[in-house]
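Right, one structure below, let's go through it.
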Amino acid sequence: MDIEEKYLSEFSDRLEIELHKLCQSFGLAGARLLDNDDITMKFPEDLAKDYFSDAVKEFAKYPEVSLAWAGYLGMGVAKLWDIDFKAFQAVRYSDFKGKRGFDDLDERVVCEILGYDLQSEQAKKIADCLGSCAIAALNFIRHENIEPQSPRAYYVFARAVQVLYRIGASIELHLLGYHFERIS
Numbered sequence: 003m004d005i006e007e008k009y010l011s012e013f014s015d016r017l018e019i020e021l022h023k024l025c026q027s028f029g030l031a032g033a034r035l036l037d038n039d040d041i042t043m044k045f046p047e048d049l050a051k052d053y054f055s056d057a058v059k060e061f062a063k064y065p066e067v068s069l070a071w072a073g074y075l076g077m078g079v080a081k082l083w084d085i086d087f088k089a090f091q092a093v094r095y096s097d098f099k100g101k102r103g104f105d106d107l108d109e110r111v112v113c114e115i116l117g118y119d120l121q122s123e124q125a126k127k128i129a130d131c132l133g134s135c136a137i138a139a140l141n142f143i144r145h146e147n148i149e150p151q152s153p154r155a156y157y158v159f160a161r162a163v164q165v166l167y168r169i170g171a172s173i174e175l176h177l178l179g180y181h182f183e184r185i186s
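For the sequence shown, my numbering puts the final residue at 186, and the numbers step up evenly by one.
Here's what the structure looks like:
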């Protein structure tokens, strides 16, 4: 592992730990971050390229949105994985976008995939949690003192997006009742 890859991995690990704690404070995570290889690998294999195309364009004006929407994407993917694995395998990033494209991805996921009314307490709790996670991630990025628009800035942003995606998936798995149990 080269120095840059080590730095990016450590950044991701630190960010994931902090965001997991934040989700716990909202009651949207248990003691461990929940994950699944199918869900985790769906992002780099099928979603990342198109998501980054949208998110990078929006980052300058709406950095929190570019980060938080990755959490909603993770939630939507986890829900589809749980309810219909065959449909999950075929889903693409465009399937998560709303009528206004990237702008209302959050509403499409919350209402049409997760099944919550946008004004429900659960939808508001999720929005508050993912919004707080996005702000925390943005603060993490800013504290790295990276030159804006540099290759390192892009890679740190990309890692933060991946962490938010995993956080969103973990939140949904938690809400679906998944948990780790010791097998004896």
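Beta carbons: idealized from backbone N, C-alpha and C, even for Gly. The structure presented is a predicted model; accordingly, all values stated were derived computationally and were not measured.
Report the CB separation of residue i from residue j in whole angstroms; it is logged as a contact under 8 Å.
{"i": "A171", "j": "A80", "result": "4 Å"}
{"i": "L69", "j": "A136", "result": "4 Å"}
{"i": "G76", "j": "I169", "result": "7 Å"}
{"i": "I173", "j": "C131", "result": "7 Å"}
{"i": "V163", "j": "A72", "result": "5 Å"}
{"i": "A139", "j": "L166", "result": "6 Å"}
{"i": "Y74", "j": "V111", "result": "4 Å"}
{"i": "A33", "j": "C25", "result": "About 11 Å; that fails the 8 Å criterion."}
Taking the alpha helix (DSSP H) that residue i belongs to, which residues open and close that run?
{"i": "A50", "result": "A50 to F61"}
{"i": "Y74", "result": "P65 to I85"}
{"i": "D40", "result": "D39 to K44"}
{"i": "E12", "result": "I5 to S27"}
{"i": "A138", "result": "E123 to H145"}
Give the DSSP-derived three-state secondary structure of residue i in the structure shown.
{"i": "G103", "result": "strand"}
{"i": "P150", "result": "coil"}
{"i": "F90", "result": "helix"}
{"i": "A33", "result": "coil"}
{"i": "D97", "result": "helix"}
{"i": "F159", "result": "helix"}
{"i": "Y180", "result": "coil"}
{"i": "L116", "result": "coil"}
So, for residue i: in the same chain, excluding its five sequence neighbours on each side, which residues have a beta-carbon less than 6 Å away from its beta-carbon?
{"i": "Q124", "result": "Y118"}
{"i": "F87", "result": "none"}
{"i": "L175", "result": "L36 and A80"}
{"i": "G78", "result": "F98, V111 and I115"}
{"i": "S104", "result": "For clarity, residue 104 is Phe in the given sequence; the question names Ser instead. Result list for F104: D56, in chain order."}
Among the residues of its own chain, which have a CB less than 7 Å from the CB of residue i, if the five just before and after it don't count?
{"i": "F109", "result": "With the sequence shown as reference, residue 109 is identified as Glu, and Phe is not the correct amino acid for it. Closer than 7 Å at the Cβ level, and outside the excluded window around E109, lie G100 and L120."}
Touch check for the segment 90 to 100 and the segment 20 to 39: three-plus C-beta pairs under 8 Å?
With a cut-off of 8 Å, the segment 20 to 39 and the segment 90 to 100 do not count as touching, because too few Cβ pairs lie within range.
Check whether the segment 139 to 153 and the segment 44 to 51 touch, using three or more Cβ-Cβ pairs below 8 Å as the test.
Not touching, per the Cβ criterion.
Report yes or no: do three or more beta-carbon pairs, one from the segment 11 to 20 and one from the segment 56 to 63, lie closer than 8 Å?
Per the Cβ contact rule, the segment 11 to 20 is not in contact with the segment 56 to 63 (fewer than 3 Cβ pairs under 8 Å).
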